[in-house]
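Here the structure is laid out as structure tokens; the discussion comes afterwards.
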Amino acid sequence: MVVRIGRAVWATASVLFLVMYLGWQGLLHSPLREELWQLQLSEVFAVWFYLPLAPLLLGALLLRSRTALLALLAPLCIFGAQYGAQFMPNWQLAFSNLAGAPRLRVMTWNMLYASQLEDEFYPEVTKLQPDVIALQEVPYDIERKMVALLGHEYPYYQVQSVGSASGIGIWSKLPFIKTEQANSRLLGCICLRLTLDLHGRPITVMTTHVRGPQIHYGFRRGLFPRINYFSTADQDLIFGALLKQVAESQRPLILMGDFNTTERQPNFARLRQQGLTDAYEAAGWGMGFTYPNPNLRYNWRSRVPPLIRIDHILFSTEWQAVNTWTGSLPVSDHLYVVTDLVLSE
11 MVVRIGRAVW ATASVLFLVM YLGWQGLLHS PLREELWQLQ LSEVFAVWFY LPLAPLLLGA
71 LLLRSRTALL ALLAPLCIFG AQYGAQFMPN WQLAFSNLAG APRLRVMTWN MLYASQLEDE
131 FYPEVTKLQP DVIALQEVPY DIERKMVALL GHEYPYYQVQ SVGSASGIGI WSKLPFIKTE
191 QANSRLLGCI CLRLTLDLHG RPITVMTTHV RGPQIHYGFR RGLFPRINYF STADQDLIFG
251 ALLKQVAESQ RPLILMGDFN TTERQPNFAR LRQQGLTDAY EAAGWGMGFT YPNPNLRYNW
311 RSRVPPLIRI DHILFSTEWQ AVNTWTGSLP VSDHLYVVTD LVLSE
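Sequential numbering of the sequence shown, starting at 11, is according to this note's numbering.
This is how it looks when you write it as structure tokens:
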């Protein structure tokens, strides 16, 4: 009797979850998405809508509830299609013959204007030994400090100031062939595009820092703020400028930076449509969240675990990702991302 009641309760809960999940997906693909900012905001945290799957699936298996298992099948398959590769071995690499192919390790990090590089950043770079480093939210005095710390290992660099301390920059062990700075006017692309020499072959490396979405907060009874408005309208224009830069870029191409956009939002899909592959999806393990950093010193965000992935490395079809991972330094609210790439074509 107890088991039968348990099965009925679990089946009901699973069916309710299925109805809510399908309703949410239906709204995201309806005209209402453009009208309701709450739906657009839900895309930022889309992966967390799958969180109930774990306990519901476990209970369904323990109770042997066929109804519950059938109800959970559709969302489970969709989760597997979207994120399953991040929990599987890199089979594509296993069956590829890449012996002797040129390899490159790249790193991207939003440094939150960090100025004390000697204690954390320098030892981390020394340990990781990336060939190319892309930085965002670069302070004014970064050039002098980077030259002093890493000038002998990274003699080639380019920094783009955007009229504030929030600049972007690339430091490289590989020599530059060509440097380009995109127009960073209001709602334009804050982009830095370089052509590097990789063993005699030119490759394009880009970094960008896309401004965050418009979010309006309000306080009503309580400690925590309430979101009153969310919009990616400005981001849509910026991504349009970024996509133009990507389309005009010579391949092989690597694009990395702080996109302030998660992997399931429409603007990230626009990058995929340009033929770019997400390095973490291709060769990472787990969810790879990069914001906020729980190890950030002296900040409320140090009490919050990473919730979303907004820092990305993408690459064109000439590359294959070997391994991708994240790491944290206590001077920034973002985790860094590192990937090892092989030039397969």
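Glycine included, C-beta positions come from ideal geometry on N, C-alpha and C.
Suppose the cutoff is 8 Å on Cβ atoms and the five residues either side in sequence are ignored; what does the same chain contact list for residue 97 look like? Take residue 97, set aside five residues on each side of it, and the residues of its chain with a beta-carbon closer than 8 Å to its own are 295, 296, in chain order.
Using C-beta distances below 7 Å, list every residue in its chain close to residue 246, excluding the 5 sequence neighbours before and after it, in chain order. 277
In its own chain, which residues sit with a C-beta less than 8 Å from the C-beta of residue 82, not counting the 5 before and 5 after it? 24, 27, 28, 63, 66, 67, 70
Which runs of the beta strand (DSSP E) fall wholly inside the region 237-313 and span at least 3 residues, in chain order? Correct list: 263-268.
Would you decide whether residue 434 is buried or exposed? Buried here means 16 or more other CB atoms lie within 10 Å of its CB. This structure gives no information on residue 434, because the portion of the chain shown stretches from 11 to 355.
Which residue's Cα is closest to the Cα of residue 141: 209, 221, 21? Selected option, being the one with the closest Cα: 209.
How big is the Cα-Cα spacing for residue 17 and residue 289? 41 Å
Hey, residue 95 and residue 291 are a contact pair by Cβ (cut 8 Å); roughly how many whole angstroms apart? In this structure residue 95 is in contact with residue 291, their Cβ atoms being roughly 6 Å apart against a cut-off of 8 Å.
Tell me the DSSP bridge mates of residue 201? 218
Alpha helix (DSSP H) containing residue 89: first to last residue? 76-93
Using 8 Å as the threshold, is the region 265-276 in touch with the region 50-62, meaning 3 or more CB pairs across them? A contact exists between the region 265-276 and the region 50-62.
Alpha-carbon spacing of residue 151 relative to residue 124, whole angstroms: 10 Å
Residue 126 - DSSP class collapsed to helix/strand/coil: coil
Under the assumption that residue 112 contacts residue 31 (Cβ atoms under 8 Å), give the Cβ distance between them as a whole number of angstroms. So it is not a contact: roughly 44 Å between Cβ atoms.
The beta strand (DSSP E) that contains residue 331, what's its start and end? In the DSSP assignment, residue 331 falls within the unbroken beta strand (DSSP E) covering 329-337.
Using a Cβ-Cβ cutoff of less than 7 Å, which residues in the same chain neighbour residue 320 once the five nearest sequence positions on both sides are dropped? 268, 269, 270, 271, 272, 300, 301, listed in sequence order.
For residue 49 and residue 61, believed in contact at Cβ under 8 Å, the rounded distance: Not a contact, Cβ separation roughly 18 Å.
By DSSP's criteria, residue 24 is part of a beta bridge. Which residues make up the other side? In the DSSP output, where bridge partners are listed per residue, residue 24 has none listed.
Would you list the residues sitting across from residue 190 in a DSSP beta bridge? 203
Per DSSP, residue 226 forms a beta bridge with which residues? 239
Where does residue 332 land, buried or exposed, given buried means 16+ other C-beta within 10 angstroms? buried
Do the CB positions of residue 205 and residue 212 come within less than 9 Å of each other? Closer than 9 Å, so yes.
Just list the residues that DSSP pairs residue 181 with in beta bridges. 143, 167
With a threshold of 8 Å on Cβ separation, who are the neighbours of residue 160 within its own chain once the five nearest residues in sequence on each side are excluded? Cβ neighbours of residue 160 beyond the five flanking positions: 132, 135, 181.
Beta-carbon contacts of residue 350 that lie in its chain and below 6 Å, excluding the five residues immediately before and after: 115, 332, 333
Just to check, is the beta-carbon of residue 267 closer than 8 Å to a non-hydrogen atom of the ligand SAH? Absence of the ligand SAH from the depicted structure is noted, as is the absence of any ligand whatsoever, leaving it without description.
Between residue 121 and residue 146, how many whole angstroms is the CB-CB distance? I'm expecting something under 8 Å. 7 Å
Among the residues of its own chain, which have a CB less than 8 Å from the CB of residue 253, if the five just before and after it don't count? 280, 281, 284
Use the C-beta contact count for residue 203: other C-beta atoms within 10 angstroms, 16 or more gives buried, fewer gives exposed. buried
To the nearest angstrom, how far is the alpha carbon of residue 226 from that of residue 240? 7 Å
Find out if the Cβ-Cβ distance for the pair residue 264, residue 215 is shorter than 9 Å. It is a contact, given that the beta carbons lie within the stated cut-off.
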